[in-house]
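Protein sequence lines correspond, in order, to chains A and B.
Everything in the first sequence is counted per this note's numbering, starting at 1 for the first residue and increasing by one.
Everything in the second sequence is counted per this note's numbering, starting at 1001 for the first residue and increasing by one.
By construction, the Cβ of each residue, glycine as well, lies at the ideal position given by its N, Cα and C atoms.
These notes are about the structure you will find just below.
2 protein chains.
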Amino acid sequence: MYLELDEQGPRYAQLLRALKSAILGGRYPAGAKLPATRVLARQLELSRNTVLAAYEQLRAEGFIEGRVGSGCYVAEIAQAPSAPPKRRTRPAAPLSRRGQRGQDMYDRNIPGRQHKGVRYNLQYGLPVTNPALSSAWRRELHYAAARAELDYPNPQGVIALRESVCDYLKRRRGIVAAAEDVMIVTGTQQAIAFAADVLLDEGDTAVVEDPNYQGARQALLAQGAHLLSCRVDDDGLVASELPTGAAVKLLVVTPSHQFPTGSVLTLPRRMELLAYADAQRCFVVEDDYDGEFRYDARPLAALKSLDSNERVIYIGSFSKVIFPSLRLGYMVLPPSLRNAFVAAKWLNDRGCPAIEQAALARLISTGAFERHLRQTSLALKARRAALLAGIKRHTGNHVQLADSGAGMHVVAWLPRLTHAQVERLIENARARGLGLYSINPYYMRKPSRPGLMLGYADLPPADLEAAMALLGRCLRELSDA
Amino acid sequence: MYLELDEQGPRYAQLLRALKSAILGGRYPAGAKLPATRVLARQLELSRNTVLAAYEQLRAEGFIEGRVGSGCYVAEIAQAPSAPPKRRTRPAAPLSRRGQRGQDMYDRNIPGRQHKGVRYNLQYGLPVTNPALSSAWRRELHYAAARAELDYPNPQGVIALRESVCDYLKRRRGIVAAAEDVMIVTGTQQAIAFAADVLLDEGDTAVVEDPNYQGARQALLAQGAHLLSCRVDDDGLVASELPTGAAVKLLVVTPSHQFPTGSVLTLPRRMELLAYADAQRCFVVEDDYDGEFRYDARPLAALKSLDSNERVIYIGSFSKVIFPSLRLGYMVLPPSLRNAFVAAKWLNDRGCPAIEQAALARLISTGAFERHLRQTSLALKARRAALLAGIKRHTGNHVQLADSGAGMHVVAWLPRLTHAQVERLIENARARGLGLYSINPYYMRKPSRPGLMLGYADLPPADLEAAMALLGRCLRELSDA
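Following this line, the structure appears as structure tokens:
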């Protein structure tokens, strides 16, 4: 009997694997006597103790019987099916419908930063790097790690963090909420996934803005929602056009700063939207993903602050304003939904990690978080100004800006180009080290004019200026061609 | 017009809230002129600047029109529905079926440590406190926080951690897996929730052991699974009794250390279980929640190591062996399921936090994790010995032990008592500062004899000895009564 060791890990484990595989594969049939330990040791150039230990373990696991050292026999176990796995071509058990939908979406849309490695990457969603925040975060993590609860966390979230969130929302977003209304989640994505779980059965109708945040759309589609969309203009969602035929169960909107167009939902439309939700008896998810950053005025109050009938599920994320790999966000829930959402969290993951929650609570309560927001706001304002100046200087009359004075990106419409030309523009720019992104993926129906999402959070002003010079050059080349 | 300020937060924000609420409530109808800022300032004893700022913000948000300082009028907005919210008694939109099932379970089973605060709490699931681990963890967190990727994490998990998990599994659990087979999740609960999501449609059949881990059962029931169970005896799951009538799509088992009875699945039954899965074309979730801790022998290899037909989804958790509030675990996935599970993770939460993953990868690769396991094993072994000695000394012939020499708890059967007596025992013990837990909640059909789950991880040997003395006293009182 020839045993091949796979040279991975300790010799003892290699031998054990080889022996098991020989037994399971039928090379040592039931009742066969194993070679004497001395013989095998010499043959494989192992110490006899190694062989003894492997035999002992085989015996402990029930593969062999007898006394190690005198005579061991392969036990009467049901050996592995004799057909080798390769031959079996029948498909494995099918996925659930939801599992299949999710996999199809994922296969079409492998995540990852598309233009990673280019010199100027204008990808939306990259965070502002703030070394002061990084050290504050490190300090708070270290502090919290010594003190946080080690036992299972409260699924709804650490109370200190929920209280900090309430303070913050009252001060900055006009929302009056109690800690019991707040649930800590891993971010916007989980919040929307839970909303889909808790409120939508397969085939139920949900409405999103068009264009919209892909992650939200995908979570609803994975759940099996029948998805309708509503147009957006410069005043945000056109609430008068919300669908009235179907029984809508959920609306997902971005009133403070429509994603991705940047428009701000006007007050009359906010009221209209709430009246619609009340008439439809449906819930509204308000995704306030960057309502924090406005450069020309104080941030507008959230839709939630107008919600007298408890129709609005407010969601906020710390990922955009701290860093995306943090994975913490929150929901403000209407009382009627609180238990159902906490149950969803509890069934899904038992609650967010306690140390990070405690660290974040202190980051907020010590004021470091708002200092970071102020610093980030200033940095973003300067970056935005550099980007806009660069566009003005370098792109001639190609670009029509949709400028809402908020957020971490602007949309540059290119009304004089075709969609195909913009695709070429993106390719050419990439070859020159400039990462550009079409706005098209956010649309359910292709927009009438092509446009670019210009994310500016991650680049210093000088780079943004240089990036716009490059963009200008690419645009000229395209016109000349 | 009388405006009442709510005394919460800055005066400016109080005034803004009060004015909005007056406008939305119809107390200032559309077209009404707001009081002059000087007048309002005097009336409310505010500075005029505060009033000016509030008016400016109202104008920015579209509530009023005109020029602040000369004359402002309430805008023609759709005011809040005139019916006060209290009157509206019709129910809100219904939950989804899944949302309703989850809420019902949660309402019945509010989580939380039942006997928190008692002197000796024998709750299963409390972690071993290890100060050396706490400082190692703090150190690694601090190190990782300075270096981890800030951008969105890989939804499948940080590669360094997945590689560390593979090394660990090869060395300790006999599983040969590549990093691409591993997905990092927040723990056992999320792993099982994803398995339900990806593999079960509403009404599909799943099989669990009886008794079983509640969290797994609840995740399957929330998904709408038709749940069957299979009996467990001293050799683990009775594989020959697995249901053959229905088309089973998923099995959830604990072969290394049946939860909660502690029995270990024998090799012939492991082979039988795998053959069953292959015949049924279903998948098997192997929940290896504490396979790590065996005191009388080397840990048995995992079921996954015998899985030549890629039917087994292996799940492991760091919560039990590090601390529960960490929220990190992992799955080893068959290649055919990998994309569907990564998609589920991506749609649910985009991936686990990067800093913690990087810290854990280093905790493993530096050897600190296995040092902790060794220390914990020694501590658990001593605690277990103290518990068993205490039982022997103090509980007479009341207790029949189910002892598998593994894990973090033992089951004490009380064959001479009725279920009602054991309920009284638990109450009496609690009054004396001893937290005891019935094994009943883990059973789908009430077991023929009552039993207690004795978790010993959290208490030093002397306390366990004292706790057993108390148990003995409570047992005697019960017999005397």
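The three-state reading of DSSP puts B:Glu1163 in helix, counting H, G and I together. A Cβ of chain A is located within less than 7 Å of the beta carbon of B:Asp1197.
Residue state for B:Ile1439 is assigned as coil, using DSSP reduced to three classes.
Contacts with chain B at 7 Å (Cβ-Cβ) include A:Ile77. In the three-state DSSP reduction, B:Asn1397 falls in the coil class, being neither helix nor strand. Distances from the CA of B:Asn1397 to each of B:Gly1472, B:Ala1431 and B:Arg1350 were compared; the closest alpha carbon is that of B:Gly1472. With a threshold of 7 Å between beta carbons, B:Gln1190 makes contact with chain A. Nearest in C-alpha terms to A:Gly433, of all of A:Ser404, A:Ala469 and A:Leu401, is A:Ala469. Going by C-alpha positions, B:Thr1366 is about 30 Å away from B:Gly1455. From the beta-carbon of A:Gln258, no residue of chain B is found nearer than 8 Å; the closest lies around 15 Å away. Listed by position along chain A, the residues whose Cβ is nearer than 7 Å to that of B:Leu1380 form an empty set, because the closest Cβ is around 16 Å away. Nearest CB-CB separation between B:Asn1339 and chain A: below the 7 Å threshold.
Here A:Gly203 is exposed. Its C-beta has fewer than 16 other C-beta atoms within 10 Å. Rounded to the nearest whole angstrom, the CA to CA distance from A:Ala389 to A:Lys381 is 12 Å.
The beta carbon of A:Ala145 sits closer than 6 Å to those of Ile355, all from its chain and outside the five residues before and after it, given in chain order. For A:Ala53, the enclosing alpha helix (DSSP H) begins and ends at Arg48 to Ala60. Take the alpha-carbon of B:Arg1042 and the one of B:Leu1052: they are about 13 Å apart. B:Val1321 is classed as buried because its beta carbon has at least 16 other beta carbons within 10 Å across all chains shown. Between B:Ala1075 and B:Glu1065, the C-beta gap is smaller than 7 Å, which places the two residues in contact. When secondary structure is reduced to three states using DSSP, B:Gly1472 falls in the helix class. Residues of the region 343-377 of chain A that bring their beta carbon within less than 8 Å of a beta carbon in chain B comprise Ala343, Ala344, Trp346, Leu347, Asn348, Asp349, Arg350, Gly351, Cys352, Pro353, Ala354, Ile355 and Glu356, in sequence order. For A:Pro211, the closest C-alpha among the options A:Ser479, A:Leu95, A:Val165 and A:Tyr442 is that of A:Tyr442. Excluding sequence positions up to five before and after A:Arg327, its CB lies within less than 6 Å of the CB of Thr186 and Gly187, all in the same chain and listed in chain order.
Residue nearest to B:Asn1428 within the set B:Cys1474, B:Leu1221 and B:Ala1466 is B:Cys1474 (criterion: CA-CA distance). By the beta-carbon neighbour count (other beta carbons within 10 angstroms, threshold 16), B:Ser1404 is buried.
Linking B:Tyr1028 to B:Leu1015 through their CA atoms gives a straight-line distance of about 14 Å. In this structure, A:Val252 and A:Val208 form a Cβ contact; the two beta carbons are roughly 5 Å apart against a cut-off of 8 Å.
Between the alpha carbons of A:Ser377 and A:Ala406 lies a gap of roughly 10 Å. With a threshold of 16 other beta carbon atoms within 10 Å, B:Asn1049 falls short and is exposed. In the three-state scheme derived from DSSP, where H, G and I count as helix and E and B as strand, A:Lys249 is classed as strand. Membership of A:Leu221 in any beta strand (DSSP E) is not indicated; the residue belongs instead to the alpha helix (DSSP H) covering Gln214 to Ala222. For B:Glu1149, the chain A residues whose Cβ falls inside 7 Å of its Cβ are Ser325, in order along the chain. Annotated three-state conformation of B:Asp1104 is helix, per DSSP.
By the C-beta density criterion, B:Asp1107 is exposed, having fewer than 16 other C-beta atoms within 10 angstroms. With the criterion set as a beta carbon lying under 9 Å from some beta carbon of chain A, the members of the region 1278-1294 of chain B are Asp1278, Gln1280, Arg1281, Cys1282 and Phe1283, in sequence order. Interface criterion met: the Cβ of B:Thr1266 is under 7 Å from a Cβ in chain A.
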